[in-house]
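Below you'll find the structure, written out as structure tokens, and then a few comments.
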Amino acid sequence: MKLAIIGVTGNVGKHILDESLRRGHTVTGIARDTSKLSPRDGLTLVSGDADQPEALASLLKGHDVVISSVPFRSSVPARLIEAVRRSGVKRYLVVGGAGALEVAPGKLLLDTPHFAELPEWIRTEALAGKVFFDTLRVVTDLDWTMLSPSALFVEGDRTGIFRLGKDTLLTAADGKSWISFDDYSIALLDEVENPRNVKARFTVGY
């Protein structure tokens with residue numbers, strides 16, 4: 001397929017790019033500064049700004065799927081969604097956050113005492129992620145999907161062994177909630193190739 005990845009130079013974006021190319025997809029990588037990446041077969045790098053819907057829409061046209069991997073605290077949900085809408089691309093996948101996942105019925109991770117003890121930038125990102133999800137969940141004219149990682153989203157091995165869930169934070173038997181960038185990318189590309197969570201959020205963890 002022909003994929004567009006917004007935020008391709010970020011920690012998560014780079015791993016999604018690697019997984020996409022590994023599977024033989026053609027990728028347009030979009031970021032404000034694409035000089036951080038080197039040219040590769042199957043990859044076209046273009047400069048684009050998530051805050052400029054009209055210009056971004058023109059870069060997205062003609063793709064099969066748009067993947068958004070941009071920090072929530074530095075993006076405006078309505079602008080990104082509008083750019084995808086104007087582009088004519090129907091499938092829109094978003095790298096989500098763990099903060100808006102439930103840890104108990106009706107209780108979100110960002111409502112827990114532990115959340116209040118985290119660094120400010122993490123709290124800001126998580127709260128902005130909830131705003132993005134609340135904005136996305138009422139969109140009816142795009143086939144959107146949000147994949148939220150586990151609480152710890154870090155560098156790690158590409159194992160291909162993980163669990164999927166819906167709206168509840170996944171926690172391993174040892175009490176740790178985590179997923180590597182590589183295994184997250186596998187789960188995301190599986191969804192790209194075989195959509196099972198259209199107009200829905202799901203999560204991945206060990």
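In terms of UniProt numbering, the sequence shown has 198 at position 198, counting the first letter as 1, and numbering is strictly consecutive.
Even for Gly, the Cβ is constructed at its ideal location relative to N, Cα and C.
Report the rounded CA-to-CA distance for residue i versus residue j, giving the unit in angstroms.
i	j	result
ALA104	THR112	10 Å
THR159	ASN194	20 Å
GLY29	THR171	32 Å
VAL66	THR140	16 Å
THR97	ASP41	Here residue 97 is Gly; the residue named in the question, Thr, does not match the sequence. Those two C-alpha atoms are separated by around 30 Å.
GLY48	LEU3	15 Å
PHE153	THR203	12 Å
GLY88	SER69	19 Å
THR44	HIS15	16 Å
ALA173	GLY205	12 Å
ALA78	VAL192	22 Å
With residue i as the anchor, note down where its alpha helix (DSSP H) starts and where it stops.
i	result
GLU193	181-193
GLU19	11-22
LYS130	120-136
SER87	77-87
SER58	53-60
For residue i versus residue j, is the C-beta distance shorter than 8 Å?
i	j	result
LEU147	LEU93	yes
GLU19	SER185	yes
ARG86	ASP64	no
ALA128	LEU80	no
Between the Cα of residue i and the Cα atoms of the options, which residue gives the shortest distance?
i	options	result
GLY106	GLY29, GLY156, VAL66 and LEU169	LEU169
THR145	SER87, LEU136, THR124 and LEU37	LEU136
LEU59	GLU125, LEU127, PHE202 and VAL84	VAL84
ALA126	LEU142, SER150, GLY24 and ASP143	SER150
ARG22	ALA128, THR203, ASP182 and PHE72	ASP182
ARG201	ARG73, PHE133 and VAL70	PHE133
VAL198	ARG123, SER75, PHE72 and LYS166	LYS166
VAL95	VAL138, ARG196 and ALA187	ALA187
Let's see if you can read the secondary structure: which residues bound the beta strand (DSSP E) around residue i?
i	result
ILE161	Note, ILE161: premise wrong, no beta strand (DSSP E); not H, not E.
THR145	143-148
Stretch-stretch touch, CB-based, cutoff 8 Å, three pairs: the stretch 2-12 with the stretch 30-37: yes
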